[in-house]
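Student:
2 protein chains.
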Amino acid sequence: MKRLAGVSASAKTSQASEEPRDSERIVGLTTHEEVYRRLRQQILYGGIKPGSAVTLRGLADELGVSSMPVREAVRRLIAERALLLQDNRRVMVPPMTRDTFEQILFARRALEPELAARALPKLTKKDIAAIEATDMAIDRAMRAGDTEGYMRANHQFHFSIYRKSEAWTLVALVESIWLQFGPFMRTAYGRIGTSTIEDHHEFALAAMNKGDVQGLRSAIDADIGQGMGFIGEAILTRAG
Amino acid sequence: MKRLAGVSASAKTSQASEEPRDSERIVGLTTHEEVYRRLRQQILYGGIKPGSAVTLRGLADELGVSSMPVREAVRRLIAERALLLQDNRRVMVPPMTRDTFEQILFARRALEPELAARALPKLTKKDIAAIEATDMAIDRAMRAGDTEGYMRANHQFHFSIYRKSEAWTLVALVESIWLQFGPFMRTAYGRIGTSTIEDHHEFALAAMNKGDVQGLRSAIDADIGQGMGFIGEAILTRAG
DNA sequence: CGGCGGCAAATGTGATCACAATTTTGGGTC
DNA sequence: GACCCAAAATTGTGATCACATTTGCCGCCG
Numbered sequence: 000m001k002r003l004a005g006v007s008a009s010a011k012t013s014q015a016s017e018e019p020r021d022s023e024r025i026v027g028l029t030t031h032e033e034v035y036r037r038l039r040q041q042i043l044y045g046g047i048k049p050g051s052a053v054t055l056r057g058l059a060d061e062l063g064v065s066s067m068p069v070r071e072a073v074r075r076l077i078a079e080r081a082l083l084l085q086d087n088r089r090v091m092v093p094p095m096t097r098d099t100f101e102q103i104l105f106a107r108r109a110l111e112p113e114l115a116a117r118a119l120p121k122l123t124k125k126d127i128a129a130i131e132a133t134d135m136a137i138d139r140a141m142r143a144g145d146t147e148g149y150m151r152a153n154h155q156f157h158f159s160i161y162r163k164s165e166a167w168t169l170v171a172l173v174e175s176i177w178l179q180f181g182p183f184m185r186t187a188y189g190r191i192g193t194s195t196i197e198d199h200h201e202f203a204l205a206a207m208n209k210g211d212v213q214g215l216r217s218a219i220d221a222d223i224g225q226g227m228g229f230i231g232e233a234i235l236t237r238a239g
Numbered sequence: 000m001k002r003l004a005g006v007s008a009s010a011k012t013s014q015a016s017e018e019p020r021d022s023e024r025i026v027g028l029t030t031h032e033e034v035y036r037r038l039r040q041q042i043l044y045g046g047i048k049p050g051s052a053v054t055l056r057g058l059a060d061e062l063g064v065s066s067m068p069v070r071e072a073v074r075r076l077i078a079e080r081a082l083l084l085q086d087n088r089r090v091m092v093p094p095m096t097r098d099t100f101e102q103i104l105f106a107r108r109a110l111e112p113e114l115a116a117r118a119l120p121k122l123t124k125k126d127i128a129a130i131e132a133t134d135m136a137i138d139r140a141m142r143a144g145d146t147e148g149y150m151r152a153n154h155q156f157h158f159s160i161y162r163k164s165e166a167w168t169l170v171a172l173v174e175s176i177w178l179q180f181g182p183f184m185r186t187a188y189g190r191i192g193t194s195t196i197e198d199h200h201e202f203a204l205a206a207m208n209k210g211d212v213q214g215l216r217s218a219i220d221a222d223i224g225q226g227m228g229f230i231g232e233a234i235l236t237r238a239g
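Protein chains in written order, with numbering that gives the first Met the number 0: chain A, 0 to 239; chain B, 0 to 239.
#1: Relative to chain B, which residues along the segment 170 to 182 of chain A have a C-beta separation below 8 Å, given in chain order?
#2: Quick check on this structure: which residue in A/50, A/133 and A/204 has the alpha carbon closest to the alpha carbon of residue 186 of chain A?
#3: Could you check where the alpha helix (DSSP H) with residue 173 of chain B kicks off and where it finishes?
#4: Given this structure, state the Cα-to-Cα distance separating residue 150 of chain B from residue 188 of chain B, to the nearest angstrom.
#5: So the alpha helix (DSSP H) residue 161 of chain B belongs to, where does it begin and stop?
#6: Does any residue of chain A have a CB that is nearer than 8 Å to the CB of residue 110 of chain B?
#7: Going by DSSP in three states, residue 202 of chain B sits in which element: helix, strand or coil?
#8: Taking C-alpha atoms, which residue in B/78, B/167, B/184 and B/79 lies nearest to residue 106 of chain A?
#9: In chain order, what are the residue ranges of uninterrupted beta strand (DSSP E) at least 3 long that sit wholly in the segment 67 to 92 of chain A?
#10: Classify residue 53 of chain B as helix, strand or coil using the three-state DSSP reduction.
#11: So residue 186 of chain A contacts chain B; which residues on that side make the cut at Cβ distance below 7 Å?
#12: When we look at the beta-carbon of residue 152 of chain B and count the other beta-carbons within 10 Å, is it buried (16 or more) or exposed?
#13: Could you tell me whether the Cβ of residue 115 of chain B comes closer than 8 Å to any Cβ of chain A?
#14: For residue 102 of chain B, I'd like the list of residues in its chain whose CB is within less than 6 Å of its CB, leaving aside the five on either flank, ordered along the chain.
#15: Under 6 Å Cβ to Cβ from residue 227 of chain B, same chain only, skipping five residues before and after it: list those, please.
#16: Is there a Cβ from chain A that is less than 8 Å from the Cβ of residue 103 of chain B?
#17: When DSSP labels each residue in this structure, what does residue 197 of chain B get in the three-state scheme?
#18: Does DSSP put residue 125 of chain B in a helix, a strand or coil?
#19: Would you kindly work out how many angstroms separate the C-alpha atoms of residue 84 of chain B and residue 29 of chain A, rounded to a whole number?
#20: Starting from residue 98 of chain B, trace the alpha helix (DSSP H) in both directions and tell me its first and last residue.
#21: Does chain B have any CB closer than 8 Å to the CB of residue 131 of chain A?
#22: Considering just the uninterrupted stretch of the alpha helix (DSSP H) at residue 28 of chain B, what are its terminal residues?
#23: Using the C-alpha atoms, what's the distance from residue 192 of chain B back to residue 144 of chain B?
#24: If you pair each beta-carbon of the segment 161 to 181 of chain B with each one of the segment 50 to 70 of chain B, do three or more pairs fall below 8 Å?
#25: Strictly below 9 Å CB to CB, what residues from chain B border residue 71 of chain A?
#26: Buried or exposed for residue 198 of chain A, going by 16 or more other Cβ atoms inside 10 Å?
#27: Determine, using beta carbons only, whether residue 133 of chain B and residue 156 of chain B come nearer to each other than 8 Å.
#28: Taking 7 Å as the cut-off, is the CB of residue 80 of chain A close to at least one heavy atom of the ligand FAD?
#29: Count the other CB atoms within 10 Å of the CB of residue 135 of chain A; is the residue buried (16 or more) or exposed (fewer)?
#30: Please list, in chain order, the chain B residues whose beta carbon lies closer than 8 Å to that of residue 80 of chain A.
#31: In or out: residue 163 of chain B buried (at least 16 other Cβ within 10 Å) or exposed?
#32: With DSSP as the reference, label residue 226 of chain B as helix, strand or coil.
#33: Leaving aside the five residues before and after residue 200 of chain B along the sequence, list all residues of the same chain whose C-beta is less than 6 Å from its C-beta, in chain order.
#34: Please list, in chain order, the chain B residues whose beta carbon lies closer than 8 Å to that of residue 106 of chain A.
#35: Of all the options B/223, B/211, B/126 and B/42, which has the alpha carbon lying nearest to the alpha carbon of residue 94 of chain B?
What follows is the structure, given as structure tokens:
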């Protein structure tokens with residue numbers, strides 16, 4: 000088995016050879032790891048709508064693997080709170096509530112500025128240049144109205160900074176938090192559009208170039224508050 | 000199969016009243032859920048030493064279940080960072096490093112005082128009385144040198160407060176953090192003994208009785224700083 | 001006596017089957 | 001036409017088997 004090669008997000012897959020192609024034996028990725036990463040991306044960038052259900056056999060058929068790796072990947076995502084195991088033992092993308100949203104906002108402001116501050120002394124000129132390039136990609140996606148591209152680039156912008164802190168324990172906490180509001184973010188942007196977004200990345204980049212720790216903290220905090228407030232108002236006015 | 004506790008619930012009807020310990024609503028327990036909770040307790044209260052390896056078949060034989068539920072439980076604990084999947088694909092209790100320890104300390108101080116503050120307005124007289132009783136259990140365990148009893152009671156003291164906040168997203172984050180330093184804490188206390196512990200629970204209780212939010216925040220923060228600093232110095236001086 | 005190679009045991013991973021519980025569906029009654 | 005109940009399909013859970021990789025042990029050769 001182990002097809003899974005180039006299956007696109009929600010599109011129906013084209014029939015491929017059932018032979019296990021060992022072309023990518025270079026990376027020692029297990030099947031459930033691949034399934035995990037694929038599902039994770041779909042959730043993180045809004046490929047699956049909040050409230051929609053996922054089934055083990057459904058995912059297994061879609062990805063061309065047995066249900067075994069899917070079970071492990073789904074179990075892992077449930078533990079990370081990216082998926083929700085209901086009392087019926089059915090699995091769904093968790094719907095967002097006002098309470099959850101507010102707590103996520105608090106946790107982000109408590110952790111992410113700190114991560115940025117820890118990363119700052121370790122950022123090289125090349126790192127900052129790469130981050131600036133990512134920021135330009137964000138602008139391009141925003142102007143093009145490419146919601147998924149925006150979300151990917153925005154995620155990369157933040158975590159290419161945070162990862163430089165090498166504070167893996169805190170980074171893992173923040174990654175788990177992002178997984179929880181990903182689908183929700185997509186819904187918000189999909190409804191409002193990306194053209195009206197105005198982030199604080201310029202201030203963050205300026206602070207990075209100056210080595211201004213406190214300025215970077217403030218910029219990240221402001222970016223979180225602005226972006227989350229933006230999408231928070233956009234959706235939580237109807238249900239939460 | 001499904002031995003596990005001498006109770007062979009045939010999964011047909013909901014067997015009630017099995018575990019009076021952690022009072023959670025346990026009705027439709029699956030096998031992997033039972034395995035998960037058992038492993039979780041062992042890790043949280045130091046039943047397994049940091050660095051020691053666990054094997055799927057070993058746990059399965061020990062608990063009298065097949066490897067299937069163990070795989071799911073272990074996968075879940077890996078996702079929660081309570082266990083570590085090494086490159087060899089072997090699973091172990093993560094060893095503590097100075098960096099990880101410092102990040103856990105930061106995250107605890109960032110989140111737990113807030114949880115306590117959110118819980119305070121929802122605490123009834125009866126809740127506070129129960130928390131005081133738990134604190135007395137802590138003292139008893141401390142004087143008796145009962146390390147595991149102390150850890151259980153201390154865990155209960157903190158989380159019986161935090162859970163009252165009903166901020167489940169934040170509580171989940173903090174639970175994940177506790178899972179990560181549990182084994183380590185046990186090692187420290189086992190080496191030093193519990194008789195020298197001096198927590199700030201009295202101050203916390205006083206603040207709760209007065210409804211003093213800021214005082215409660217400070218007490219929890221001090222309790223974290225003191226306790227973590229204590230065990231931090233105790234061990235990280237040798238390796239980390 | 002110590003390093004080295006190879007063979008057996010142990011282990012993680014994936015697939016498949018069986019079963020219980022839930023959901024869905026279809027037909028029949030009022 | 002609405003409601004209800006039974007049968008069928010769907011789904012999650014657990015067990016077992018097969019296989020590749022890793023670990024550990026033991027003897028061999030230097």
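Every residue gets a Cβ at the ideal spot worked out from N, C-alpha and C, and that includes glycine.
Tutor: Taking the definition as stated:
#1: 171, 172, 175, 176 and 179
#2: A/50
#3: 167 to 191
#4: 9 Å
#5: 146 to 161
#6: yes
#7: helix
#8: B/167
#9: none
#10: strand
#11: Those within 7 Å of residue 186 of chain A in chain B number zero; the least Cβ separation is about 18 Å.
#12: buried
#13: no
#14: none
#15: 104
#16: yes
#17: coil
#18: helix
#19: 13 Å
#20: 97 to 118
#21: no
#22: Counting along the chain, residue 28 of chain B falls outside any alpha helix (DSSP H), and DSSP gives it neither H nor E.
#23: 7 Å
#24: no
#25: 70, 71 and 74
#26: buried
#27: yes
#28: The ligand FAD is not part of the structure shown, which contains no ligands of any sort.
#29: exposed
#30: 168 and 171
#31: buried
#32: helix
#33: 134
#34: 110, 168, 169 and 172
#35: B/42
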